[in-house]
Amino acid sequence: MSNLEFDETFDFISVGSGGGSMCSALLMRRLGKSVVVLEKTGLIGGTTSRSGGVMWIPNNRFMKEEGVEDSYEKSHDLHGGNRGPVDRCAGYDASQTQSLRY
Ligand SMILES: Cc1cc2nc3c(=O)[nH]c(=O)nc-3n(C[C@H](O)[C@H](O)[C@H](O)COP(=O)(O)OP(=O)(O)OC[C@H]3O[C@@H](n4cnc5c(N)ncnc54)[C@H](O)[C@@H]3O)c2cc1C
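So the sequence shown is numbered by numbering that gives the first Met the number 0: it starts at 0 and just counts up by one.
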């Protein structure tokens, strides 16, 4: 056991205040955890606050339901095709599908 003393403690520390970290902070609050969000700049929102404000999730189930044709291959082309980081594209596909389901 450490002898360190803290003024405050939290169950969850979210570093940054963009969409990713804010979503994780909200999720942890919903689970009843105490949360602090740390932002290094004087403004909250990060890149997210400058974005188009829509979720870009290629080949998602809502598009399929509406009959909109899309594919992961098309999104990979947008990410740079064969020059892009293919393993990261595959990770993006999988995690975006999960986050949309959530
Ligand atoms: C012009 C533009 C338009 C876009 N439009 C869209 C769109 O329409 N749809 C879409 O899906 N995507 C869009 N994107 C991409 C999307 O905005 C980003 O992928 C997304 O916002 C990244 O979110 P994030 O939470 O990972 O990072 P960020 O939103 O960048 O948040 C990271 C935060 O962490 C902070 N931080 C970093 N290091 C530290 C540290 N050591 N300590 C404390 N804080 C720290 C930063 O200051 C920042 O606030 C767009 C991007 C741009 C630039």
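Beta carbons are placed, not taken as given, at the ideal position from N, Cα and C, and that holds for glycine.
Nearest-angstrom Cβ-Cβ length linking residue i and residue j, presumed shorter than 8 Å
i, j, result
"Leu-128", "Val-67", "Here the chain covers residues 0 to 101 and nothing more, so residue 128 does not appear."
"Val-35", "Phe-9", "5 Å"
"Thr-40", "Gly-17", "Actually they do not touch by this definition, with Cβ atoms about 11 Å apart."
"Lys-32", "Phe-5", "With a Cβ gap of about 17 Å, Lys-32 and Phe-5 do not count as contacting."
"Tyr-71", "Asn-58", "5 Å"
"Leu-99", "Ile-56", "5 Å"
Buried/exposed call for residue i, threshold 16 Cβ in 10 Å
i, result
"Ala-89", "exposed"
"Ala-93", "exposed"
DSSP three-state assignment for residue i, whether helix, strand or coil
i, result
"Leu-77", "helix"
"Val-14", "strand"
"Val-34", "strand"
"Lys-63", "helix"
"Glu-72", "helix"
"Thr-8", "coil"
"Tyr-101", "coil"
"Leu-26", "helix"
"Gly-51", "coil"
"Thr-96", "helix"
"Gly-90", "helix"
"Gly-45", "helix"
"Ser-1", "coil"
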